[in-house]
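Chains W and H, in that order, are what the protein sequence lines are. Per this note's numbering, residue 1 is the first one in the first sequence, and the count goes up by one each step. Per this note's numbering, residue 1 is the first one in the second sequence, and the count goes up by one each step. No residue lacks a Cβ here, since even glycine has one placed at the ideal position from N, Cα and C. The structure presented is a predicted model; accordingly, all values stated were derived computationally and were not measured. Okay, so here's the structure we're looking at.
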Amino acid sequence: MTNSNTDIRSSAEKRSRVSFGIALVVAGLAIYLLFGTSTQPGAMTTFGLNLLGSQAAVVPDLVVPALPAIYLLAAISVFTGAYQLARGIRSTGWLVGILTFTFVTAFLMWGAQDKSFNLTGMLQSSLVRATPIALAALCGVISERTAVINIGIEGIMLMSAQAAVVAATVTGNLYVGLIAAILLGGWVAAFHAFLVIRFKVDQTVSSVAINIFGTGATSFISSRFMQAAGDKLNNSGTFPIIAIPGLSKIPVLGPVLFENNLIVYLTILLVVVMHILLYYTPWGLRTRAVGEHPKAADTLGVNVYLTRYVNVILGGMIAGIGGAYFTIGSVGRFDEIMTAGKGFIGLAAMIFGNWNPIGAYTSSLIFGFADSLQVKLQILRVPIPSEFLLMAPYILTMIILTGVVGRAIPPAADGQPYEK
Amino acid sequence: MTNVLELQGITKRFPGVLANDRISIALREGKILALLGENGAGKSTLMNILYGLYKPDEGKIFIRGREVNIEGPNDAIGQGIGMVHQHFMLVPVMTVTENVMLGIEPVKNGVFLDREKVSRRIKEISDQYGLEVDPQAYIKDLPVGIQQRVEIIKVLYRSADILILDEPTAVLTPQEVEGLFKIIETLIKSGKSIIFITHKLKEVLAVADDITVLRLGTVVGSIKPEEATSETLATMMVGRDVSLVVEKSPAKPAGAVLEVKDLYVRDDRQHMTVQGVSFNVKKGEVLGVAGVQGNGQTELVYALTGLLPIEKGTIQLLDEPIHHTTPRNILERGVAHIPEDRQRHGLILSFPIHDNMMLCTYYKKPFAKGISLQPQPIFSNAEELVKQYDVRTPNIYVNAGTLSGGNQQKVIVAREFSRPIELLIASQPTRGLDVGSIEYIHKQIIKKRDEGAGVLVVSSELDEILALSDRIAVMYKGRIMAIIDANKSSKEQLGLLMAGVHPAESSQN
């Protein structure tokens, strides 16, 4: 009996092993067929490693012969796949990593052949583009850890974006704009919390209402007031780039990590702080307990409702920072529906990151990378219609949601109102 | 001897229900007070009031002679009251340490959780009371018996000296129950006082110093265990004489109705919870499936009734395979199913009784004609069944959700028995029912057996298994440990099997 049991268990493992192996072999062949056959022999791909106007030490660009590199990447993928089929590699993370790395790099080699492609610039823009996604994801993490679903992040960010630019333009002070965005985010989230905790309104309905209201209200205000008086209301300027002395001089890494504006730094700081709070402090322990088993927390004297209010409101404030990023953190003006679904992508990042801050940030970086890749490729005039490229981040969201969501485990009480 | 705790005239009303009606109880220092009563007698409400989860409408609480006001669990904990809940209040994805410290977390450096300090304290408590547990283990990896220890440690960590144990034996094997009784003994020796809530008569007689019986929200009386017997207690609990033994004639088994061979089933989370089970059920006999909850019984029943796909093996009903067919097809072949969770799977609570009475035959004549339902046959069918099965209800038009547990179960039994059946699968058929309803359901099951149907009873109550079964199969971790003749089995032997030990092995060791 024991034997047949292990047989069945190992057969599931075997299936997953074989499918990963086949995926890698197919990816290797695809690299060869798609990119290898259409790359000119002798073409060189140049990866730029310096940013214009950066303080970092100048390093020579990386020049790679495209065709041999593509062949090499194809070979790595096929070889890894074959090894996986024959022996099996334990770590799923490594397999996914190798698969993505070989395919994306080969794609870049092919796309940028005989041209120059600024790698540092792209990494830097990935980090920047990941920032609003990460802030939305952190908002999701902090509220869903207490089991309150908030899919109204998109709407909160949109309203905060507008509040930030108006407050900053009127007062002439960007920090006032940031604070206005945080406060507004907190208020809207407090409203959501009040509806779903006090009146047990369905959490999805309440947050969809926030999204619809956010879109409508900001568009109305924008077209009614801001367009006519653009200079008085909608021209704030942006947070300056702060280069961290010393660290920003490191080649490649310097400009990517240490030449950013306040909001990007603030996001990284929030990720670290939230991780520590969640796993090493009483507040975090209570937060997680309330999300997993509110009744247990209640019987030990933890105030379930209060914990939920506090976390949802804090989440709203973080989403507020995310909103501020769109206006005073990047372009200095408000455009209608400028968040463009980043709040929803943030929720995907939260799920992909398994409801923990560091995971959520890492997956935000992947989405940021897809987003910035798409922009670069349009500039490079890759022979793929730009409509398809624009879809890239959203397709990635869908693949991740369908492929990974089954495995991610949400807080056990997620989305359920608490009745004493 | 002083009373460490006294409740006087506690009254609690819920909309339409008087849950506690002027209840007074007293707990003597260093003693065990058993609070006996059926489900719905008001025991849990009373304890939730004491623990601050509900506010009483009237009444006073005295601790060591001083009147106290308990506004919430924090006040109760502050007064030295600790509660071990029937459904454990533990977060499965957290460690023992984290669960114990939750709510009163010690910190180091001003902000950070001091897990080491708590672990050390847990070790001390473990040693002092013989509650062995690994502080670093995750709750979800621990067996129920150990989880209960964690609950007790949680209470002791908050230095409670009045412990409320709410139905503590409901989820334990007989051996674990004995372990719990030893722990209770140690606790009493170190000066704790205990309120022991239960509806099991034998346990009360075994451990209690005082017994208070509740019925329908009032105190029926208090009695000393020396003066009480199971029968007197049952009568107090139910309010009339009940027979505690199921009367049945010896079985006359004939050919096999159900034949299961080498069955493997996965649960929703893809765990293989049934692993190579083989057995048969014969016409005119009751096969009882014993085992601690969560050892694959639920999935076994789901597989037999077509609610879960099987991974491997065969299921044959009257020599025809049924493992790749639909639940409806299985029902039509003559299988009746009394599901484990009657409120979620047995009834549609928001439907009236008359619709619940024809849930598995609604598409057939006379209930349906073409695409339309026929109200008259539906109503008369329900009227008849309500009368025949003695369902206590104002009429057949009220929602099933308004009935008591016992009457809900009668509706299910009436529906399932109203069509010709070859095999009856009854899963936890009397869970949460009062003694009177249990008696009734048991009689009905035996009646079906005597009419020649095969019966499979799954229950985690050993007494129920012993009362009903002709043969007993014991499940442990998805396997059948043994199938034994009910006449030749003992509670001890079954208990060991339920814990995964073959009695022969244990005697050798």
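Contact between the region 349 to 364 of chain H and the region 308 to 316 of chain H is absent: fewer than three C-beta pairs spanning the two stretches fall below 8 Å. Assignment of W/Thr238 by DSSP, reduced to helix, strand and coil, places it in the coil class. Counting C-beta pairs with one atom in each stretch, the region 376 to 383 of chain W and the region 149 to 162 of chain W have fewer than three that are closer than 8 Å, which means they do not touch.
Near chain W, meaning a CB-to-CB distance below 8 Å, the residues of the region 100 to 117 of chain H are Met101, Leu102, Gly103, Ile104, Glu105, Val107, Val111, Phe112, Leu113.
Within the region 38 to 61 of chain H, those residues whose Cβ lies closer than 8 Å to any Cβ of chain W are, in chain order, Tyr51, Leu53. For the C-beta of H/Pro73, the chain W residues within less than 8 Å are, from N- to C-terminus, Asp298, Thr299, Leu300, Gly301. The residues Gly9, Ile10, Thr11, Arg22, in chain order, have a CB closer than 8 Å to that of H/Glu58 in the same chain once the five nearest residues on each side in sequence are set aside. Against chain W, the CB of H/Val289 has no partner CB under 8 Å away; the residue lies outside that interface. The C-alpha of W/Ile133 is placed about 8 Å away from the C-alpha of W/Gly322.
In the DSSP assignment, the residues bridged to H/Glu259 are H/Asn280, H/Gln316. Put simply, the CB of H/Glu98 is near chain W, with a gap under 8 Å to one of its CB atoms. Straight through space, the alpha carbons of H/Ser222 and H/Gly37 are spaced by roughly 12 Å.
Judged by beta-carbon spacing, W/Leu300 lies within the 8 Å limit of H/Gly103, meaning their Cβ atoms are closer than that value. Burial is judged here by how many other beta carbons sit within 10 angstroms of a residue's own beta carbon; W/Gly42 has fewer than 16 and is exposed.
Within the region 112 to 144 of chain W, the runs of beta strand (DSSP E) that reach at least 3 residues and sit entirely inside it are, in chain order, 116 to 118. In this structure, H/Val155 and H/Met47 do not form a Cβ contact; the two beta carbons are roughly 13 Å apart against a cut-off of 8 Å.
Shortest Cα-Cα distance from W/Ile179 to any of W/Ser386, W/Gly329, W/Phe388 involves W/Gly329. Sequence-ordered contacts of the region 364 to 394 of chain H with chain W are nonexistent [C-beta pairs closer than 7 Å].
Between H/Phe196 and H/Ala473, the C-beta gap is not smaller than 8 Å, which leaves the two residues out of contact. W/Glu144 and H/Thr95 have their C-alpha atoms spaced approximately 21 Å apart.
Contacts between H/Val91 and chain W, judged by CB atoms closer than 7 Å, involve Ala289, Glu292, His293, Ala296 in chain order. Of the residues H/Lys192, H/Val177, H/Lys43, H/Val386, the one whose Cα lies closest to the Cα of H/Tyr129 is H/Lys192. Between H/His502 and chain W, the shortest Cβ-Cβ separation is not below 8 Å. Counting along the chain, no alpha helix (DSSP H) covers W/Pro65; the unbroken beta strand (DSSP E) around it starts and ends at 62 to 65. Ranking W/Val128, W/Ile244, W/Gln416, W/Leu314 by CA distance to the CA of W/Leu365 puts W/Val128 first. CA-CA distance, H/Pro143 to H/His85, rounds to 16 Å. Counted as a single uninterrupted DSSP element, the beta strand (DSSP E) harbouring H/Gly9 occupies residues 3 to 14.
Within the same chain, Cβ atoms closer than 7 Å to the Cβ of H/Ala137 are found at Thr95, Val96, the five residues on either side in sequence being excluded. If the five residues before and after W/Ala112 are omitted, its C-beta is found closer than 7 Å to the C-beta atoms of Thr45, Leu380, all from its own chain and listed in chain order. Judged by DSSP secondary structure, H/Ser44 falls outside any beta strand (DSSP E) and instead within the alpha helix (DSSP H) spanning 43 to 50. Burial is judged here by how many other beta carbons sit within 10 angstroms of a residue's own beta carbon; W/Asp202 has fewer than 16 and is exposed. Distances from the CA of H/Arg121 to each of H/Phe112, H/Pro135, H/Asn109, H/Val111 were compared; the closest alpha carbon is that of H/Pro135. DSSP places H/Ile32 inside the beta strand (DSSP E), whose first and last residues are 32 to 37. Across the structure, W/Ala319 and W/Ile182 are spaced so that their CA atoms are roughly 8 Å apart. Taking one beta carbon from each stretch, the region 253 to 266 of chain W and the region 70 to 89 of chain W have fewer than 3 pairs nearer than 8 Å; the two do not touch. Along the region 263 to 282 of chain W, the positions whose C-beta sits under 9 Å from a C-beta of chain H are Ile276, Leu277, Tyr279, Tyr280, Thr281, Pro282, read in chain order.
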